[in-house]
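Asker: Going line by line, the protein sequences match chains A and B.
66 is the number that our numbering gives to position 66 of the first sequence; each next residue is one higher, with no gaps.
Position in the second sequence counted from 1, then plus 1000, gives you our numbering.
For every residue, glycine included, the Cβ atom is placed at its ideal position computed from N, Cα and C.
2 protein chains.
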Amino acid sequence: MPNIATPPISHVEPLNLPQNVIKALSIDNLVFGLDEDELKILLVKQTDPMHEGKWALPGGWIRYDENLRDAAYRLLEELTGVKQLYLEQLKTFGRVDRFPTERVVTIAYYALVSAEHYSLVAGQSAADVSWQSISALPELIYDHAEIIAYGMKFLQHQVCHQPIGFNLLPEKFTLLQLQALYEAILNTKLDKPNFRRKIMKMDLLTPCNEKQQGVPHRAANLYRFDPETYKQLTESGFSFEI
Amino acid sequence: MPNIATPPISHVEPLNLPQNVIKALSIDNLVFGLDEDELKILLVKQTDPMHEGKWALPGGWIRYDENLRDAAYRLLEELTGVKQLYLEQLKTFGRVDRFPTERVVTIAYYALVSAEHYSLVAGQSAADVSWQSISALPELIYDHAEIIAYGMKFLQHQVCHQPIGFNLLPEKFTLLQLQALYEAILNTKLDKPNFRRKIMKMDLLTPCNEKQQGVPHRAANLYRFDPETYKQLTESGFSFEI
DNA sequence: TATCTTATTGTCCAATTGACAACAACCCAA
DNA sequence: TTGGGTTGTTGTCAATTGGACAATAAGATA
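In structure tokens form, the structure reads like this:
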């Protein structure tokens, strides 16, 4: 491809960018949600006639004076109403032809959450918002299918090497709930006493000194994550090897 | 910080960008090199008066019609003469104030190579190029020290979870050479017998039935990587736990 | 041949793991 | 009131692994 001084002329409408954003740089969010033991992803339906009926990752333009992660949070909330989750940078996608009218590089952020804990509100520039099953994705704009595929692969790898997935649980939870989560993600059965020992030795959980309510059997102790250890483990990067 | 429609006015000279690059988007390369059992990083000395004497990661602007990794390879070769290595995307750094005069987001790429296998040639816009010891870095421009610190942490994590670094060794190598490699990257001393046991149990190495030549002591056995196991381990993503 | 250096094997003990037994708590129904 | 059902929690034990280090082997050299 030859070096050119200006963007290539295109038959498609040029972008109508807001004034205070960084041209050629966007954010796209991959929010994976566990919904009844099924993995889904948060998508928004496009409004503009050009992409009518197609879906997209919730994303958009980064403001000139806005940090990358802040932009990710803002765009996600604007488009879907989803907030209060932890977004982590995934990868930057910048194939020359990934965007039709201009050269646009996009920085992908991702999160893994419990789908039922969030209520979706379609923003102004979204025709619809919903959790879509990973195994039956609708038609997506640009290279968003490719980005999702990369995110999936990454997620499957990460789940074994980082304490992610803990935000899928309520603030206070039982050890069996945590175990069930791991069993679902890793698709295996785990030994209850051994799982307990292993988790507890990490000093990741602090007992709430409260018990489960309304169960027809002995009530289990409730635990919460120790945010300090959790942060340490997240930063240092460790192995679960459960 | 208020939203603004144009870049902030600064007392520093504005950027004098070539015409065919993407404004606000750059590449920086972290090339880690093992040099006599010491871990170093490839840096270039700045020429412009503003940063005189300071060093920087080899990087620069991405062309409008150039894929990200292609830009990384081009810039690395232009500045340092280093080519024929595998660059992998590390992370994108975009703090609002990371660059003094404008908003610039940079995409970092990294590689791990054997320093002595490359000859350095300082490019036109570089006053000097050299391998600098990680443990005694010179003064760096912008947030490059921060980027290097992130890259180091990433490297140390990767080395425990992926069989990377094996391309730093000759085809046939001794166990002590392999151990020295790990010690350099992890910056620790390892027990020789234990390291041997652990590595051998992975079935990653096959003996060449040859011995080291010309050493003034007992010659060690030479090994090579078993490409099949190596590939399996790379793909599945495993734990070394060394 | 004595001695030096490094390679390689062996040993010991502590810590960890996995499988499973045993006991505790609580609900519920007879 | 009592005993069975269910799940939580603690304990046990053999097998495996890990780290520290001793012991031996194989050259090279003085």
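1) How is I1041 of chain B classed by DSSP in three states: helix, strand or coil?
2) Among B:A1111, B:D1097, B:W1131, B:T1080, which residue has its Cα nearest to the Cα of K1091 of chain B?
3) Could you check what DSSP says for D1215 of chain B in three-state terms: helix, strand or coil?
4) In the DSSP assignment, find the beta strand (DSSP E) that holds D48 of chain A and state where it starts and stops.
5) Whole angstroms is fine: what's the gap from D226 of chain A's alpha carbon to L205 of chain A's?
6) Taking only three categories from DSSP, how would you classify I1142 of chain B?
7) What's the gap between the Cα of A1127 of chain B and the Cα of I107 of chain A?
8) How many whole angstroms separate the CB atoms of Q1132 of chain B and I1041 of chain B, which I take to be in contact at a CB cut-off of 8 Å?
9) Just to confirm, are L1222 of chain B and K1153 of chain B a CB contact at a threshold of 8 Å?
10) Determine the extent of the beta strand (DSSP E) in which E1088 of chain B is found, giving its start and end residues.
11) So which residues on chain B does N67 of chain A lean against when the C-beta distance must stay under 8 Å?
12) Give me the DSSP bridge partner(s) of D1028 of chain B.
13) Buried or exposed for L17 of chain A, going by 16 or more other Cβ atoms inside 10 Å?
14) Is the CB-CB distance between R95 of chain A and N1020 of chain B below 8 Å?
15) If you follow the alpha helix (DSSP H) that L1079 of chain B is part of, which residue opens it and which one closes it?
16) Q1177 of chain B lies in the alpha helix (DSSP H); which residues open and close that run?
17) Within the same chain, show all residues whose beta-carbon is closer than 7 Å to that of L39 of chain A, passing over the 5 residues directly before and after it, in chain order.
18) Go ahead and pull the three-state DSSP assignment for S1133 of chain B.
19) The region 1099-1124 of chain B: which residues have C-beta closer than 7 Å to a C-beta of chain A, in chain order?
20) Taking A136 of chain A as the query, report the chain B residues whose CB atoms sit under 9 Å from its CB, ordered along the chain.
21) Can you find a C-beta in chain A that's less than 8 Å from the C-beta of I1022 of chain B?
22) Grab the span of the beta strand (DSSP E) containing L1224 of chain B for me, first residue to last.
23) Beta carbon of L168 of chain A, beta carbon of V113 of chain A: below 8 Å?
24) Listed in chain order, which residues of the region 1077-1091 of chain B have Cβ atoms closer than 7 Å to some Cβ of chain A?
25) Among B:K1198, B:L1176, B:L1034, B:P1170, whose alpha-carbon lies nearest the alpha-carbon of C1160 of chain B?
26) Indicate whether V1044 of chain B and W1055 of chain B have their beta-carbon atoms separated by less than 8 Å.
27) Given that L75 of chain A touches chain B, what residues does it touch there, using C-beta distances under 7 Å?
28) If we ignore side chains and look at the alpha-carbon of each, how far apart do L34 of chain A and D1191 of chain B end up?
29) Output, in sequence order along the chain, the residues in the region 1042-1064 of chain B whose CB is closer than 7 Å to any CB in chain A.
30) Let me make sure I understand the geometry here. Which of A:R69, A:I147, A:R224 has the alpha-carbon closest to that of C208 of chain A?
31) For L1140 of chain B, which of B:Q1046, B:L1079, B:N1187 has the nearest alpha-carbon?
32) Here's the rule I'm using: 16 or more other beta-carbon atoms within 10 Å means buried, otherwise exposed. How should P58 of chain A be labelled?
33) Quick check: the Cα distance between Q1177 of chain B and R63 of chain A, rounded to an integer number of angstroms?
34) Counting only C-beta atoms, is L25 of chain A closer than 8 Å to chain B at any point?
35) Where do the ends of the alpha helix (DSSP H) carrying N167 of chain A lie?
36) Are L87 of chain A and R69 of chain A closer than 8 Å when you measure CB to CB?
Answerer: Working from what's here:
1) If DSSP states are grouped into helix, strand and coil, I1041 of chain B belongs with the strands.
2) The closest CA to that of K1091 of chain B, considering only B:A1111, B:D1097, B:W1131, B:T1080, is found on B:A1111.
3) Reading off the sequence, residue 1215 of chain B comes out as Val, not Asp. Residue state, collapsed to three classes: coil.
4) Per DSSP, D48 of chain A is not a residue of any beta strand (DSSP E), being assigned neither H nor E.
5) L205 of chain A has its alpha-carbon roughly 5 Å from the corresponding atom of D226 of chain A.
6) This sequence places Tyr at residue 1142 of chain B; Ile is not what is there. DSSP places Y1142 of chain B in coil when its eight states are reduced to three.
7) Here the C-alpha atom of A1127 of chain B lies approximately 33 Å from the C-alpha atom of I107 of chain A.
8) That pair is a contact at about 6 Å.
9) At the C-beta level, L1222 of chain B and K1153 of chain B stay beyond 8 Å of one another.
10) Taken as a continuous stretch (DSSP letters only), the beta strand (DSSP E) holding E1088 of chain B covers 1088-1093.
11) The answer, in chain order, is G1094, R1095, V1096.
12) In the DSSP secondary-structure assignment, D1028 of chain B is bridged to B:G1059, B:A1108.
13) L17 of chain A is exposed by the Cβ-count criterion.
14) Cβ atoms of R95 of chain A and N1020 of chain B: not closer than 8 Å.
15) Note, L1079 of chain B: alpha helix (DSSP H), 1068-1080.
16) Where Q1177 of chain B is concerned, the enclosing alpha helix (DSSP H) stretches over 1175-1186.
17) Cβ neighbours of L39 of chain A beyond the five flanking positions: F32, I134.
18) DSSP places S1133 of chain B in strand when its eight states are reduced to three.
19) So the list reads R1103, V1105, I1107, given in the order they occur along the chain.
20) Per Cβ cutoff of 9 Å: no residues; A136 of chain A is ~26 Å from chain B at best.
21) Yes, I1022 of chain B lies at the interface with chain A (some Cβ there is under 8 Å from its Cβ).
22) Checking the displayed sequence, the identity of residue 1224 of chain B turns out to be Arg instead of Leu. For R1224 of chain B, the enclosing beta strand (DSSP E) has its first and last residue at 1221-1225.
23) Yes.
24) So the list reads Q1089, K1091, given in the order they occur along the chain.
25) Relative to C1160 of chain B, the option among B:K1198, B:L1176, B:L1034, B:P1170 whose CA is nearest is B:K1198.
26) Between V1044 of chain B and W1055 of chain B, the C-beta gap is smaller than 8 Å, which places the two residues in contact.
27) Below the 7 Å Cβ cutoff, chain B contributes no neighbours of L75 of chain A, its closest Cβ being approximately 14 Å away.
28) L34 of chain A and D1191 of chain B have their C-alpha atoms spaced approximately 44 Å apart.
29) Within the region 1042-1064 of chain B, those residues whose Cβ lies closer than 7 Å to any Cβ of chain A are, in chain order, R1063, Y1064.
30) Closest in C-alpha terms to C208 of chain A, from the list A:R69, A:I147, A:R224, comes A:R224.
31) Nearest to L1140 of chain B by C-alpha distance, out of B:Q1046, B:L1079, B:N1187, is B:Q1046.
32) Buried is the call here.
33) Computed Cα separation, rounded: 50 Å.
34) Yes - at least one Cβ of chain B is within 8 Å of the one on L25 of chain A.
35) Element bounds for N167 of chain A: n/a, residue is neither H nor E.
36) Judged by their CB atoms, L87 of chain A and R69 of chain A are nearer to each other than the 8 Å cut-off.
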